[in-house]
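Here's the structure we're looking at; comments come further down.
Number of protein chains: 2
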Amino acid sequence: MNKVKQKRLEAKGWRVGTASTFLGLSPEEASLVEMKVNLGQALRARREAHGLSQLALAKRLRSSQSRVAKMEAADRTVSIDLLLRGLVMLGARPRDIARVLGRGTGAAA
Amino acid sequence: MNKVKQKRLEAKGWRVGTASTFLGLSPEEASLVEMKVNLGQALRARREAHGLSQLALAKRLRSSQSRVAKMEAADRTVSIDLLLRGLVMLGARPRDIARVLGRGTGAAA
DNA sequence: CCACTATATGTCATTAGTGACATAATCGCA
DNA sequence: TGCGATTATGTCACTAATGACATATAGTGG
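One line per chain: the protein sequences are A and B, in this order.
Everything in the first sequence is counted per the numbering used here, starting at 50 for the first residue and increasing by one.
Everything in the second sequence is counted per the numbering used here, starting at 50 for the first residue and increasing by one.
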């Protein structure tokens, strides 16, 4: 797991980083969180590649800046559905999304 | 788009199949529906591979038989989050899910 | 035919996700 | 330094998703 991702998780209280953690987080839950974080990062990357602010993207999504921020941060209150909608709105096709999901953090490996 | 998938979509009123349709369904929405249908099919395949009934899977998911049926049918009322939870619960890893999402129906191609 | 099992479909109360807003950091840039 | 733009975080009313239940529709074996 890379530094950036870990920091992001810890910041949101996912309790991921330091060795003893992952306690209380089943492998299944970990998989889902991992996917969500990857999608959040991909969303940010795409948004920036499009030269859009969070506010600008929010308008396209008929959402709000704060929610976009939470999407990129993989906040507990954002669904994967919403992340996918955001990515698709930024031109991501299913195969692009597939590539993002596949990005291993080395969980099982 | 293959026959089975199309039948499934039409049955649920997604109005997909016959040439003139896809009207009122934006490319973005189509992408999302397509992914959802693929996930539903994958869920059924995995469940059957595990020799589980919908009811048995429902118990593992702490859900109900009816909801599992709706998941596999890609019902409008089921979220992609729920589908992913189901798949992960059946042992699918992110890379497995990625493969499912990537299955093109020829939308953009 | 009936009994049993599995799946499909509709409805509804409870819960979780959402958009919107306020506010606080953060980051140039003059 | 302050100012404008961008991003982060907390809260809340409203909406959509969920589990549960009832019921319907196959299919299977007596």
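Each residue gets a CB set at the ideal place from its N, CA and C atoms; glycine is no exception.
Taking each of B:Met84, B:Glu121, B:Thr126, B:Ala79 in turn and checking the Cα distance to Arg95 (chain B), the smallest one comes out for B:Glu121. One thing to note: Ala123 (chain A) has its Cβ no nearer than 8 Å to the Cβ of Gln114 (chain A).
Sixteen is the threshold: since fewer than 16 other Cβ atoms of the shown chains lie within 10 Å of the Cβ of Arg111 (chain A), the residue is exposed. Around the beta carbon of Arg125 (chain B), fewer than 16 other beta carbons lie within 10 angstroms, which makes this residue exposed. Distance check between Ala147 (chain B) and each of A:Pro76, A:Leu81, A:Leu74 places A:Leu81 closest, using alpha-carbon atoms only. If you compare the alpha carbons of B:Glu77, B:Asn87, B:Leu74 with that of Gly151 (chain B), the shortest gap goes to B:Asn87. Residues of chain A whose Cβ lies closer than 7 Å to the Cβ of Glu77 (chain B) are, in chain order, Val137, Met138. Taking a beta-carbon distance threshold of 8 Å, Leu101 (chain B) does not count as an interface residue toward chain A.
When the Cα atoms are used, Asp130 (chain B) and Val149 (chain A) turn out to be separated by approximately 16 Å. By the criterion of a C-beta distance shorter than 8 Å, Ser75 (chain A) is surrounded by no residue of its chain, once the five residues flanking it on both sides are discounted. In this model, Met138 (chain B) and Glu77 (chain A) are separated by some 6 Å (Cα to Cα).
The residue from A:Gly153, A:Gly89, A:Ala79, A:Ala98 with its alpha-carbon nearest to that of Ala118 (chain A) is A:Gly89.
Contact note: Gly89 (chain A) does not reach chain B at a C-beta cutoff of 9 Å; the least C-beta distance is about 14 Å. Taking Leu104 (chain A) as the centre and dropping the five residues before and after it, the same chain places the C-beta of Gln114 closer than 6 Å to its C-beta, in chain order. As the crow flies, the alpha-carbon of Asp145 (chain A) is around 13 Å from that of Arg144 (chain B). Straight through space, the alpha carbons of Gly135 (chain B) and Arg116 (chain B) are spaced by roughly 11 Å.
If you ignore the 5 residues before and after His99 (chain B), its C-beta comes within less than 7 Å of the C-beta of Leu139, all in its own chain and listed in chain order. Glu83 (chain A) counts as buried, since no fewer than 16 other beta carbons sit within 10 angstroms of its beta carbon. Within chain A, the residues whose beta carbon sits less than 8 Å from that of Met84 (chain B) are Leu133, Pro143, Ile146, listed in sequence order.
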